[in-house]
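Peer 1:
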Amino acid sequence: MRIDIITVLPELIESPLNHSIVKRARDKNLAEIVVHNLRDYSFDKHKRVDDYAFSGDAGMVMMVEPIFRAISALKLQRSYDEVIYTSPDGKMLNQQRSNYLSTLINIIILCGHYKGIDQRVRDHLITLEISIGDYVLSGGELAAAVITDSIVRLIPGALGDETSALTDSFQDSLLAPPVYTRPAEFNGWKVPDILLSGNDALIEKWKFEQSMERTKRLRPELLDEWGED
Ligand code: SAH
């Protein structure tokens, strides 16, 4: 899979995508992540990519032309399954959307900044708008990093243990069960006996019950998703 990220702040996005599972996936060529500086597509001698809002509102707006050039240059090289804009009014990122995105071949993620981007970009060039939560960030870079991380770890082979993504929270609309490691007792705090029993069937049953209990208690609305497509 290839992910092209367009931003005015490439430095902000490189670091989070150069560690841990995402780095390993990049090293193994499972994910190619290319960060583009939008200013490289500005013809202005000061490399400006923003201008005042026609509405007179405070805050600068990212101009249509450099964005059009950046996206067009990429589209000349390959076709894209989705051109995503990170936006607080977009569709909320969730595990289902990450699963979908992880099956795609080529995607572009455009990071907004300042007051946002010229609406004409959204009307004509963007195919999917994604929010990472009901709050406003200074720019789309951290959102793009969150989206990319959540997608890349789902690509087969990205995680050391192939099955572990399947047992993460939300994957089956349930929260993950609690996990424990050695020592079996610390400070008088004990690991549940059943995990030490060596009985795989009982352990599986326990994990499912724990998942159910946690989900009912913390996120009961997730159980409504059972039986939906
Ligand atoms: N004026 C805009 C917010 C601009 S914030 C509004 O009120 O909707 C600057 C940029 O940060 C946005 O263009 C967007 O790309 C990004 N951004 C801010 N909050 C975000 C969120 N919750 N999810 C994804 N991107 C976000």
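Residues 784 to 1012, numbered by our numbering, are exactly what the sequence shown covers, in order.
We put the beta carbon where it would ideally sit given N, CA and C, even for glycine.
Taking the straight line between their C-alpha atoms, what separation do you get for residue 796 and residue 933?
Peer 2: Numbered from 1 along the sequence shown, position 13 holds the residue referred to as residue 796. Numbered from 1 along the sequence shown, position 150 holds the residue referred to as residue 933. If I take the Cα positions, the gap works out to 14 Å.
Peer 1: Is any non-hydrogen atom of the ligand SAH found closer than 6 Å to the C-beta of residue 898, if you look at the structure I gave you?
Peer 2: As a working note, residue 898 is residue 115 in the sequence shown. At least one heavy atom of the ligand SAH is nearer than 6 Å to the Cβ of residue 898, so yes.
Peer 1: Hey, which unbroken runs of the beta strand (DSSP E) at 3 residues or more fall wholly within the region 793 to 873?
Peer 2: Segments of the beta strand (DSSP E) lying fully in the region 793 to 873: 815 to 820, 833 to 835, 843 to 845.
Peer 1: Judging by CA-CA distance, which residue of 995, 935, 941, 981 is the nearest neighbour of residue 953?
Peer 2: Residue 953 sits at position 170 when you count from the first residue of the sequence shown. Closest option to residue 953, Cα to Cα, is 995.
Peer 1: Mind reading off the beta-carbon distance from residue 928 to residue 793? Whole number of angstroms is fine, and I expect it under 8 Å.
Peer 2: Within the sequence shown, residue 928 is the residue found at index 145, counting from 1. Within the sequence shown, residue 793 is the residue found at index 10, counting from 1. Incorrect: roughly 12 Å between the Cβ atoms, too far for contact.
Peer 1: Taking C-beta to C-beta, are residue 885 and residue 937 nearer than 7 Å?
Peer 2: If you number the sequence shown from 1, residue 885 lands on position 102. If you number the sequence shown from 1, residue 937 lands on position 154. It is a contact, given that the beta carbons lie within the stated cut-off.
Peer 1: Tell me the DSSP secondary structure of residue 991 in three-state form.
Peer 2: For the purposes of this step, residue 991 is taken as residue 208 along the sequence shown, with counting starting at 1. Helix at residue 991.
Peer 1: Please identify the residue among 985, 854, 980, 811 whose C-alpha is closest to the C-alpha of residue 940.
Peer 2: Within the sequence shown, residue 940 is the residue found at index 157, counting from 1. Residue 940 has its Cα closest to that of 811, out of 985, 854, 980, 811.
Peer 1: Quick check: does the Cβ of residue 841 come within less than 6 Å of any heavy atom belonging to the ligand SAH?
Peer 2: Here residue 841 refers to the residue found at position 58 of the sequence shown. Checking every heavy atom of the ligand SAH against the Cβ of residue 841, none is found closer than 6 Å.
Peer 1: Measuring CB atoms only, is the region 854 to 871 touching the region 905 to 917, in the sense that at least three cross pairs come out at less than 8 Å?
Peer 2: The answer is yes - the region 905 to 917 touches the region 854 to 871, with three or more Cβ pairs under 8 Å.
Peer 1: Could you spell out where the beta strand (DSSP E) holding residue 777 opens and where it closes?
Peer 2: Nothing about residue 777 can be reported from this structure: the residues present for the chain run from 784 to 1012 only.
Peer 1: Quick one: grab the DSSP three-state call for residue 977.
Peer 2: Along the sequence shown, read from residue 1 onward, the residue named residue 977 stands at position 194. In the structure shown, residue 977 sits in a helix (DSSP, three-state: H, G or I).
Peer 1: Less than 7 Å between the beta carbons of residue 786 and residue 890, yes or no?
Peer 2: Stepping through the sequence shown from its first residue, residue 786 is reached at position 3. Stepping through the sequence shown from its first residue, residue 890 is reached at position 107. Result yes, Cβ atoms of residue 786 and residue 890 sit closer than 7 Å.
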